[in-house]
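The structure appears below as structure tokens.
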Amino acid sequence: MAAKTRNDVLRVNMDPALGDVALAEARDALASGEWGPAREVLAETRHGESGPRWDRRSHRVRVLAEAVANSSWVERWQVLEPVNPDAALLRAQVETVRALRATLSGPAGHIDPATAETAAEAQELCEHAAEMAPGDPTPWVVMLTLARAADRGRSASRDDFWRRWQEMRARDAFNRDGHHEALTYLFGAWCGSHSEMYDFAYWLAGEAPPGSPLAVLPLVGHAEVYRAATAGVAPVLRPSPHGHWQRRVVSADVDRVLRSWLGSATVPHAQADLDRNYLLHAMVHSGRVDTDEARALFDAIGSHAMRVPWSYTGDPESSFLYWRERAFTAGTPRR
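For the record, in the sequence shown the residue sitting at position 85 is 1091 according to the numbering used here, with numbers rising by one throughout.
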């Protein structure tokens, strides 16, 4: 009988709720037409005991919107509570999800009239949500997401994009989701280039205070460059043959994240597990799987593997479990 491995008892959970039980329950209720729990989990992010939690607010509104974008439940909630800023924000996020999906269904650089109409409606809803909650950065985070739908594959002016970014920064200078949305906008696959993306990532990572998750931005950039370089090629579990992950800059960036984020962070942010996945993915592919830091990260993540970035180097679940087993097998003392 074969010996059991650590992976035999781990059931990978790629739920984007990332262990937020209240969010997962609210999402399931909203999908069935009950918006009371969604109202509660969003209101909590605006005025919790320790003040607003903008990181949790943007995370929750995105997960809820992705789950109900094919229904009209949120529209019905907003009709019943027209002055509720949470209903307005979720309505804007839902329409933004629809605009992005419509954009991705067509060729880059071309927006058909129906998609343009959806994007225009989403913009109006975002502006309305921003007016209802002037101090909330989240409507501006959503508008940064929406900018991709309008500018994908086009040589568009960046003035409006940077204006949205500045409005978000004015309300929450180191907002995790807002800067990730801005970085994604600058991906070559969307509206920018590898050079622009890296310039932005290193600038923000260097400017952010100790403990800020923005330290992870360069690792997100490395994952995107690898994805673009291997597009159309069957992903593999082993590191890239062309040495993308073995470059010194990747190792230096991993060290910086371990030191400036994990070494200084106090209160985990809502998407900490996603950022841990990016860090761990870079570590194992750059030859650092047999380290105490990698094993500690696998333990911290537990079952919360994310499709991105693990899907860039194989089936996401298989890839995560493969490297997890490697880490703990390598770390087993030999007799």
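Glycine residues also receive a C-beta, built at the ideal position from the N, C-alpha and C atoms.
Item, Value
"Leaving aside the five residues before and after Ala1073 along the sequence, list all residues of the same chain whose C-beta is less than 6 Å from its C-beta, in chain order.", "Arg1033 and Ala1037"
"For Gly1293, collect the residues of the same chain with a Cβ closer than 7 Å to its Cβ; drop the 5 residues on either side in sequence, then sort them by chain order.", "Gln1252"
"Sorted by chain position, which residues of the same chain lie with C-beta nearer than 8 Å to Arg1340's C-beta, five sequence neighbours on each side aside?", "Because Arg1340 sits at a pLDDT of 37, beneath the cut-off of 50, its placement in the model cannot be relied upon, and the following sentence gives the value as read from the coordinates. Excluding positions up to five away in sequence, the list is empty."
"To the nearest angstrom, how far is it from the Cα of Leu1070 to the Cα of Met1138?", "20 Å"
"Ordered along the chain, which non-local residues of its own chain (more than five positions away) have a Cβ less than 8 Å from that of Ser1343?", "Because the chain spans 1007 through 1341 in this model, residue 1343 falls outside it and cannot be assessed."
"Fully enclosed by the stretch 1105-1181, which beta strand (DSSP E) runs are 3 residues long or longer?", "none"
"Grab me the residues of Trp1083's own chain with a C-beta within less than 7 Å of its C-beta, minus the 5 sequence neighbours each way, in chain order.", "Trp1041 and Ala1093"
"Please confirm whether Ser1270 and Asp1183 have their CB atoms less than 8 Å apart.", "no"
"For Gly1217, which three-state DSSP category applies?", "coil"
"Among Asp1157, Asp1178 and Glu1127, whose alpha-carbon lies nearest the alpha-carbon of Trp978?", "Outside the displayed range of the chain (1007 to 1341) lies residue 978, so it cannot be described from this structure."
"For the alpha helix (DSSP H) containing Trp1329, list its first residue and its last residue.", "Pro1322 to Ala1336"
"Please determine, among Asp1142, Tyr1191 and Asp1021, the residue with the shortest C-alpha to C-alpha distance to Leu1152.", "Tyr1191"
"Restricting to Cα atoms, I'd like to know which of Ile1117, Ser1163 and Glu1173 is closest to Ala1155.", "Ile1117"
"Would you identify the three-state DSSP class for Gly1054, choosing helix, strand or coil?", "strand"
"For my contact list, Phe1326 and Ala1311 are in at a C-beta cut-off of 8 Å; report their separation, rounded to the angstrom.", "4 Å"
"Put Lys1010 into one of helix, strand or coil per three-state DSSP.", "At Lys1010 the pLDDT is 42, less than 50, meaning the model places this residue with poor confidence and gives no usable figure here."
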